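Residue numbers (numbering that gives the first Met the number 0): 0 to 62.
Quick notes on the structure that follows.
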Amino acid sequence: MHGARLGGHTPDDVFLGGRVLDPAFQEPRHVAMRRLNDLIATDERVESVMLPMCDGVTLARRR
0 MHGARLGGHT PDDVFLGGRV LDPAFQEPRH VAMRRLNDLI ATDERVESVM LPMCDGVTLA
60 RRR
């Protein structure tokens, strides 16, 4: 994570070439990114948006 202001994070490559969306890919990096994406999406303490640019960028900040 980089380029974040205090209280925010910007993970990038969140799609991993589409492999994150395909359950057939089970390498540790795919599983870890799925977990991170799920955690951010379900955490009521943060607002987030996943942008489909490049290989995916997530913007998240505390509410």
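All C-beta atoms in this analysis are idealised placements derived from N, C-alpha and C, irrespective of residue type, glycine included.
Computed from a predicted structure; not experimentally measured.
Asked                                                                                            : Found
Contacting residues, own chain, Cβ-Cβ under 6 Å from Ala59 (five flanking each side not counted) : His8, Ile39, Val45 and Ser47
Ala23 to Asp11 span [Cα, whole Å]                                                                : 21 Å
7 Å Cβ shell around Arg62 - same chain, five flanking residues per side excluded                 : Arg44, Val45 and Glu46
Thr9, DSSP secondary structure in three states                                                   : coil
Val13 beta carbon less than 8 Å from that of Thr41                                               : no
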